[in-house]
Each structure stands twice: as C-alpha cells, then as structure tokens.
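Quick note: the sequence shown uses numbering that gives the first Met the number 0, first residue 0, plus one each step.
Ideal Cβ placement from N, Cα and C applies to all residues, glycine included.
A quick note: this is a predicted structure, and the numbers were derived from the prediction, not measured.
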Amino acid sequence: MTEPKQILALNRFEAGRAGALGGRLGALVEKRQRCFGASSVLFYEQPLEIARAEGVFMYDIDGRPYLDVYNNVPVLGHCHPAVVAAMSEQAARLNTNTRYLYENLTTYAETLLGTFPPVLSNLLLTCTGSEANDIALRIARSRTGGSGFVVTETAYHGNTSAVMEISPSSYRKGRPLSAHIRTVPAPDSFRLAAGEDVGEVFAGHLEQAIADLERNGIRFAGLVVDTIFSSDGVFADPPGFLAKAVDVVHRAGGLFIADEVQPGFGRTGQGHWCFQRHGVEPDVVTLGKPMGNGYPMGGVVTRPELLEGFCAETGYFNTFAGNPVAAAAGQAVLDVLEQEGLIANADRVGRYLRDGLRRMGQADARIGDVRGVGLFIGLELVGGGGAPDAALAGLVINAMKARGVLIGAAGAYGNVLKIRPALCFSEANADQFLAALQDVLRQG
Ligand SMILES: Cc1ncc(COP(=O)(O)O)c(C=O)c1O
C-alpha cells in the first residue's frame, strides 16, 4: 500500500511572520490569526489584501492590478456583470429553501443536464464540491454494498470527514490511510518509463489496489478521480487514457466517479466536461467551484436508478442548494459560456499559451514539461537529472506576484505550476503572463 502524499505548502504565508510584516498588513494578518487560529491559511510570503476584481484581474487596496492565472472559480471572469445582475435581481425577488416550486430551478437543471450524455439524466444539488463528493461516495456504497475506494496518491476531493479520507494530499505527515482506502500513482506521463502506456500502467495499478482491498475482505465500491488530476500535477494526455481504468472499475463491480469540480464547465476547451476527453461514461459526476462563478454551488449528476437507490436508503435535504439565487447564478454561467464562446476561447488561447511555454522550455532546461488542455495547464519545473524542483516553483510563484501575476503550484512534489485563468483569458493576457515568467526565469 502506498503512503499518502502531501503537497508541500510552499506558497503559504508562515504564521510566525505576522509580526515582521508591520503596518496595516501586519495588523490585519494578526487579527485574522487571532480569529481563525491554526485554520488561517494565506497565500504568498507577503499576503495580498484584495479590494476588488473584474474579468481576469484582481486589484489590491492600492489599486494595483494582478493578472489572475490561478483562480478557477470565476470561470467567466471575476464579477461577470451577467451573473451579478442575475443574482441581484433574483435576490431582490425571492430566495428561499428548495422545497417550493420555482421555474428558474427546473429550467437550470434542464440546461445543465443537456450538457451531459442522455443516460446521466438526474441532478442533485449541493453548495460545495465536498458535499457533492460525499453524496457520490454514499451512492457508490449504497449501489455496491462495498466501502472500498481507490484514489490517486495526491488526490484532493474535499473536506467532509468521508471525503477527507479520499484526499491524501490533505493528510498531515504520518497520518495513515483509512483501512478502506487505497491509493494509486497518478497517470504521470512525464515520469513514465520509455515504452510504457500511461493508460495501461494506471489501469494495472488500479487492478492491484482492488485486489488488495478484496484480499483484506473489503468490497470495492468505486474509483474517484479528478478527471484532470489537478492536485496530482495536471495530467490530460493522451486523450482516452482513462478508458482502460473505467473498464477495470466496471468489471470489478464498482462505480466510476468523475470529479469535475476543477476541470468542468468548459475549462478543457472541448465540451463542458473533461471525462468526454477520455470517451468514458461515468456513473456519477460531481461538480463545484465554477458552477456559480463565485456563488457557492455544487452538484451530482447520475443515472436515475443510482439516485433512487440512494434516496431509498436516506432522505436528502439541503437548505441552500439549488435555491432561486443559485439557480439564477448557475443559469447565467451556462448562458454566458455559450454567448461569449468561452469554451472555444479556452481551446484557442490555451494552445497559444502552451506553445509559448514550450518555446520557452526549448531554451530553458528547468522547464521539464508543459502539459494540459484548454486553459488548464501544468508546467513542471525540474532541476538536475529531471528531479522535481519545488523550491524553484515557490520562488517563481512569489516573483510572479511581485510582477503582478498570480499562479499556484500542484503535484506530489509541489513543483508543477498550475496555470488556470478565467476562460475569457486573451492572447494579450497570455503574452503578459509569458513575459513575466520569462523575466522571472531569467533572473532566477
Ligand atoms: C477536485 C476537487 N474536488 C472537490 C473539491 C472540494 O470542493 P469545495 O471546496 O467546494 O468543497 C475541490 C476543492 O478544491 C477539488 O479541487
């Protein structure tokens, strides 16, 4: 059994440094730490105080713009006027819990379900991705009678107690996996031995994990993967590589749960959902982050018989999920994606950006790999012999911030720059990003 991996907390402000910041910023950080205690987490060596945001830019309290290349929640761009208008009009008219009829919710559900294969025809709404994954686990348990789940080594699927157990990237050092969880290495095409097929290797690891569960008397319930493997380091290629694993899942009597919380809603530039890239049909799909462009929304899409089984065992009520304001926000997100051609834009600008990064990589051996699809890009920073260089990633992230560009890191070693802007990102925005990165790497 593999040990859980923990992403290095490189890009975190160290709590002990609050006093050293001084001035208004230091006072605000100290106050925050007093209120939120050990749970307070801030990005950057020098935390940012953000006052407002618009499109692909966030502005600090002095009005300084930052190109946001990290935040995949505002998928249409920060504070998109159509979403703001839809939410505020609806909030002024009616907002209530979900046990009443109001038409905008059913219209929204029909529009959303229209983006899925016809067999995935039922929707259950939540407020967060964590809740959605929690429900997905319960559906799989109820359907299979099993409790064993397989996830990737650096997976993150959320924060409820059940979902934490399938999120090894959140485990503090030394915390063992729960007895019913097995991890498999991510489908890392960059670190594959020559001649190996990533889909076969991944499916092989999955078979071993399922066999290990069964040897220990734990019935297999399902495989849960983030379909672009964000926290594992962004793995999208080659298209179709997940198909073999999904066959293994079904042969073993489990469910395939596709976590689309990160790549969903058009980010891959090829339809709304990343699982489509692999030509597979999930049993359960979970949604979150970009679903309300900032309004808290999540959801589960599945086949009616799976939902029936689940609802026959326990009732489901969620006070806020799918309320009229959520429905208005969700509808505006789907409408704007369509009206502004943002999925095609993600494809075009994503290619442009990857081409630029690859050109940079030809002249700089520290760029080990540029990968991803649409506007979900991973850039792997390496040192001698291709070893992961997490220290360089930390340096680059902070130096980019100093140049007005916000990015984050991912991967088992924390050395993969996670490039994930709003889908309205333009070629000019990409040029600004490339110029800043070039400058940082030249100096670094
Ligand atoms: C892949 C994935 N699944 C689920 C979640 C949990 O979503 P939430 O934070 O809305 O509960 C996250 C959050 O980062 C995520 O990245």
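Query: For A392 and L416, believed in contact at Cβ under 8 angstroms, the rounded distance; Result: 6 angstroms
Query: For Y43 and G22, the rounded distance between their alpha carbons; Result: 17 angstroms
Query: Boundaries of the beta strand (DSSP E) in which I256 is found, first to last residue; Result: L254 to D258
Query: Ligand 3 heavy atom lying under 8 angstroms from the CB of N94; Result: Of the ligands this structure carries, namely ligand 1, none is ligand 3.
Query: Any non-hydrogen atom of ligand 1 within 8 angstroms of Q261 CB; Result: yes
Query: Under the three-state DSSP convention, the category D236 falls into; Result: coil
Query: Distance, V381 Cα to P387 Cα; Result: 5 angstroms
Query: Check whether S320 and G297 have beta carbons under 9 angstroms apart; Result: Per the sequence presented here, residue 320 reads as Ala, with Ser not at that position. Contact: yes.
Query: Proximal residues to D187 (C-beta, below 7 angstroms), its chain only, five neighbours per side dropped; Result: G232 and F234
Query: 8 angstroms contact criterion, which H179 and I217 should meet: CB distance rounded; Result: 5 angstroms
Query: Minimum C-alpha distance to R214 - residue among L100, D346 and G147; Result: G147
Query: Backbone CA spacing between L433 and A398 [nearest angstrom]; Result: 13 angstroms
Query: Closer than 8 angstroms: E130 CB and nearest ligand 1 heavy atom; Result: yes
Query: For I376, the first and last residue of its enclosing alpha helix (DSSP H); Result: Careful: I376 lies outside any alpha helix (DSSP H), inside the beta strand (DSSP E) at F375 to L380.
Query: Residues sharing a beta bridge with N292, DSSP; Result: Y294
Query: Own chain, CB closer than 6 angstroms to A161, minus 5 neighbours either side, in chain order; Result: D133 and L136
Query: Euclidean distance between Cα positions of T127 and N71; Result: 14 angstroms
Query: Any non-hydrogen atom of ligand 1 within 8 angstroms of P295 CB; Result: yes
Query: Between the CA atoms of G349 and D438 - distance to the nearest angstrom; Result: 21 angstroms
Query: Boundaries of the alpha helix (DSSP H) in which A390 is found, first to last residue; Result: A389 to A401
Query: Backbone secondary structure at Y351 - three-state DSSP; Result: helix
Query: For H204, the three-state DSSP class (helix, strand or coil); Result: helix
Query: Cβ contact (3+ pairs, closer than 8 angstroms) linking the stretch 304-311 and the stretch 71-91; Result: no
Query: Where H77 falls: helix, strand or coil (DSSP); Result: strand
Query: Contact under 9 angstroms by Cβ, R142 with D246; Result: no
Query: Between the CA atoms of Q207 and V335 - distance to the nearest angstrom; Result: 44 angstroms
Query: Proximity winner among P184, R250, G287 and A257, relative to F264 (alpha-carbon distances); Result: G287
Query: Beta-bridge pairing of K417 - partner residues as DSSP gives them; Result: G377 and G407
Query: Buried versus exposed call for I6 [16 or more other C-beta atoms within 10 Å across all chains shown]; Result: Reliability fails at I6, whose pLDDT of 45 lies under 50, so the model's placement of it is uncertain and the value that follows must be treated cautiously. It is buried - the Cβ of I6 has at least 16 other Cβ atoms within 10 Å.
Query: Under 9 angstroms between C-beta atoms of G291 and V82; Result: yes
Query: Uninterrupted alpha helix (DSSP H) stretches inside the stretch 41-101 (no shorter than 4 residues); Result: 80-92
Query: Alpha-carbon to alpha-carbon, M57 and L440; Result: 24 angstroms
Query: Extent of the continuous beta strand (DSSP E) run through L241; Result: Taken as a continuous stretch (DSSP letters only), L241 belongs to no beta strand (DSSP E), as it is neither H nor E.
Query: Span of the beta strand (DSSP E) around N121; Result: N121 to T125
Query: Any non-hydrogen atom of ligand 1 within 8 angstroms of Y155 CB; Result: yes
Query: Contact under 9 angstroms by Cβ, V183 with V149; Result: yes
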